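*Asks:*
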Amino acid sequence: MWDNVLLALQSLRANKMRALLTMLGIIIGIGAVIAIKTVGYSLSSSITDKMSGFGISNITVSLTQKDSSDSDSSTSAGATDTDVRVRMFQNSTPGDDDLITDEMLAEYRAAFPDDIACIELTSSVGSATAEDAADSDTTTATVTGVNDEYLTGEEVNVLYGRGIENEKDGTRYVAVVSEKFVEDCMGAAPASAVGQSVDITVNSKPYTFYIEGVYEYVEDEDSLTMTSADSDDVVTDFYIPLDTARRMTGASDAGYQSFTVVASAGTDTAAFLTTTQSFFETFYTRNDTWTVEASSMESLISTITDMLDTVSLAISAIAAISLLVGGIGVMNIMLVSITERTREIGTRKALGAPRSAIRLQFIVESVVICLVGGIIGIFAGVGLGAAACKLLGYAARPDAATIVFAVGFSMAIGVFFGYYPANKAAKLDPIEALRYE
95 MWDNVLLALQ SLRANKMRAL LTMLGIIIGI GAVIAIKTVG YSLSSSITDK MSGFGISNIT
155 VSLTQKDSSD SDSSTSAGAT DTDVRVRMFQ NSTPGDDDLI TDEMLAEYRA AFPDDIACIE
215 LTSSVGSATA EDAADSDTTT ATVTGVNDEY LTGEEVNVLY GRGIENEKDG TRYVAVVSEK
275 FVEDCMGAAP ASAVGQSVDI TVNSKPYTFY IEGVYEYVED EDSLTMTSAD SDDVVTDFYI
335 PLDTARRMTG ASDAGYQSFT VVASAGTDTA AFLTTTQSFF ETFYTRNDTW TVEASSMESL
395 ISTITDMLDT VSLAISAIAA ISLLVGGIGV MNIMLVSITE RTREIGTRKA LGAPRSAIRL
455 QFIVESVVIC LVGGIIGIFA GVGLGAAACK LLGYAARPDA ATIVFAVGFS MAIGVFFGYY
515 PANKAAKLDP IEALRYE
């Protein structure tokens, strides 16, 4: 076997340009597949890492309109299917009777006490701006109404003062702000900000809030925290009581359109997601228009990863066509090589070499050509994939399984496309081969 490998390498050195052109299809095919898989794997890994930081164990339950098939199953006696479909599209927003109520949440907590760590309730108010009296700079923050459990669920570390407590705060204009907001807006030490007032403008309306807590600001490049386009100020969160947010936006206090469940440690999020959706769907069996839908970051990540893998596989399959072309090129060059070395084959057979030895010699040579081309293609693919990932702003993460598969596949191509020429060489008649000129 080693002698056959040495003969194959000597043949490559003797015909460098021809060997390189023969391997070109293999190099392009494997390089393209690895580059595409590297970009796809790096992209999906980066998205997974970033989204995991936003609560992979969180389940979001939200109201959604029923489609016609859902409505058919919940049609009440005496109501026609046409009536149901008319009602379906009359309301684009849920009414007070359609909202998820505190009573539903209480039943939910009681039914699954060991699976629920906390339930987060939020109400988005909008973007707020505050001017620093000292230098007239503007600080921007995102105002969000939250319940007591939100800061705990999102692991917001309150350094000074206290967090939001809806029973105590009610509709008071109090807030929990970041230490970054205090430094940028008030120009004061975070500890001294508790109890101080801050004037902000939300949706063109002025408000005065009193700071009851300051939380730790953690800079994270992988988070979705935004920065102002015209300044270096970071847009942080400005937390206020949930009832205060509802008063500011005029939202109904009858219930909620959505909420987030933080699952307890050890809970199977995927299974609990299905259980949660089934539990709340029972409250909407008689509702002709609305139902609930549960989703999680884990299921979203899985969906995105599957989509990226499908696209990557489809593109790789197209790129792999060049491997077929490369394999045909290998077969062609092996047939030419056999023609050129007919007398050599005849001499070996005259000296007693069996057909299997001749066949093995040319199969090994074909495998070596494809293997060398595959190795070059691996380096080219990893390099191109890393360059593409750098342009996209992601860390390059080559897929080891793809590289191993590429090496094995290149060897398989060598065996498959080298067998016919090798078998043809093995069947040559030694007398006719020695006469060949």
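Numbering (this note's numbering), first residue to last: 95 to 531.
Where is the CB? At the ideal position from N, CA and C, for every residue including glycine.
Since we're looking at a predicted model, the values are computed, not measured.
(1) Check Thr-343 in the structure and name its three-state DSSP category.
(2) DSSP has Asn-381 in a bridge; who is on the other side?
(3) Across the region 389-409 and the region 116-135, are there enough close Cβ pairs to call them in contact, namely three or more that are closer than 8 Å?
(4) Return helix, strand or coil for Lys-131, following the three-state DSSP convention.
(5) Evaluate Pro-300 with the Cβ neighbour count: other Cβ atoms within 10 Å of its Cβ, from every protein chain shown; 16 or more gives buried, anything less gives exposed.
(6) Quick one: Cα of Leu-118 to Cα of Gly-420, how far?
(7) Taking 8 Å as the threshold, find out whether the region 204-224 comes into contact with the region 235-247 through three or more Cβ pairs.
(8) Can you tell me which of the three DSSP states Phe-511 falls into?
(9) Give a yes or no on whether the C-beta atoms belonging to Ile-121 and Gly-467 are separated by under 8 Å.
(10) With which residues is Asn-152 paired in a DSSP beta bridge?
(11) So, is Met-320 buried or exposed, given that buried needs 16 or more other C-beta atoms within 10 angstroms?
(12) Would Arg-380 be called buried (16 or more neighbouring beta carbons within 10 Å of its own) or exposed?
(13) Whose C-beta lies closer than 7 Å to the C-beta of Ile-497 among residues of the same chain, with five residues either side of it excluded?
(14) Have a look at Ile-305 and Asp-347 and give me their C-alpha separation to the nearest angstrom.
(15) Verify whether the separation of the beta carbon atoms of Ser-431 and Gly-508 is less than 8 Å.
(16) Should Gly-475 go down as buried or exposed, given a rule of 16 or more other Cβ atoms within 10 Å for buried?
(17) Just to confirm the assignment, what range does the alpha helix (DSSP H) spanning Ala-365 have?
(18) With 16 other CB atoms within 10 Å as the buried threshold, where does Leu-318 fall?
(19) Quick check: what's the CA-CA separation for Glu-277 versus Ala-283?
(20) In three-state terms, what does DSSP make of Val-180?
(21) How should Asp-493 be labelled, buried or exposed, when 16 other C-beta atoms within 10 angstroms of its C-beta is the threshold for buried?
(22) Hey, quick one: how far does the beta strand (DSSP E) through Val-219 stretch, first residue to last?
(23) Does the beta-carbon distance from Gly-281 to Val-270 come in below 8 Å?
(24) CA-CA distance, Asp-382 and Glu-375?
(25) Between Gly-239 and Val-219, how many whole angstroms is the CB-CB distance? I'm expecting something under 8 Å.
(26) Per DSSP, what are the beta-bridge partners of Cys-279 in this structure?
(27) Considering only the alpha carbon of each residue, which of Cys-279, Val-356, Trp-384 lies closest to Ser-186?
(28) Does Asn-152 pass the burial test, meaning 16 or more other C-beta atoms within 10 Å, or should it be called exposed?
(29) Quick check: Val-237 and Ile-334, are their CB atoms within less than 8 Å of each other?
(30) For Tyr-244, report the span of its alpha helix (DSSP H) as first-last.
(31) For Gln-290, does the three-state DSSP call read helix, strand or coil?
(32) Please classify Val-312 as buried or exposed, where buried requires at least 16 neighbouring CB atoms within 10 angstroms.
(33) Alpha carbon to alpha carbon, what distance is there between Leu-157 and Ile-422?
(34) Between which two residues does the beta strand (DSSP E) holding Val-533 run?
(35) Going by alpha carbons, who is nearest to Lys-274 out of Gln-159, Ser-416, Leu-115, Val-308?
(36) With a CB to CB cut of under 6 Å and the five nearest residues on each side skipped, what residues in its chain are close to Gly-446?
*Replies:* The answer reads as follows:
(1) helix
(2) Bridge partners of Asn-381: none, in fact.
(3) yes
(4) Helix at Lys-131.
(5) exposed
(6) 7 Å
(7) With three or more CB-CB distances shorter than 8 Å, the region 204-224 counts as touching the region 235-247.
(8) helix
(9) yes
(10) Val-356
(11) Confidence in Met-320 is poor, its pLDDT being 40 and thus under 50, which makes the residue's placement unreliable; the coordinate value appears in the next sentence. It counts as exposed.
(12) exposed
(13) Scanning its chain for C-beta atoms nearer than 7 Å, with the 5 sequence neighbours on each side dropped, one finds around Ile-497 the residues Ile-128, Ile-472, in chain order.
(14) 24 Å
(15) no
(16) buried
(17) 363-375
(18) Note that Leu-318 has pLDDT 40, beneath the 50 cutoff, so the model's placement of it is unreliable and the number below is only indicative. With fewer than 16 Cβ atoms within 10 Å of its Cβ, Leu-318 is classed as exposed.
(19) Note on geometry: alpha-carbon atoms of Glu-277 and Ala-283 lie some 7 Å from one another.
(20) In this predicted model, Val-180 has a pLDDT of only 49, less than 50, meaning its place in the structure is not dependable; the value taken from the coordinates is given anyway. Of the three classes helix, strand and coil, the one that applies to Val-180 here is helix, per DSSP.
(21) Its Cβ being crowded by 16 or more others within 10 Å, Asp-493 is buried.
(22) 216-225
(23) no
(24) Asp-382 and Glu-375 have their C-alpha atoms roughly 12 Å apart.
(25) So it is a contact: roughly 6 Å between Cβ atoms.
(26) Beta-bridge pairing links Cys-279 to no other residue.
(27) Distance check between Ser-186 and each of Cys-279, Val-356, Trp-384 places Trp-384 closest, using alpha-carbon atoms only.
(28) buried
(29) yes
(30) In the DSSP annotation of this structure, the continuous segment of the alpha helix (DSSP H) that includes Tyr-244 starts and ends at 242-247.
(31) Three-state DSSP puts Gln-290 in coil, outside helix and strand.
(32) exposed
(33) 58 Å
(34) Outside the shown range of the chain (95 to 531) lies residue 533, about which nothing can therefore be said.
(35) Val-308
(36) So the list is empty, once near-sequence residues are dropped.
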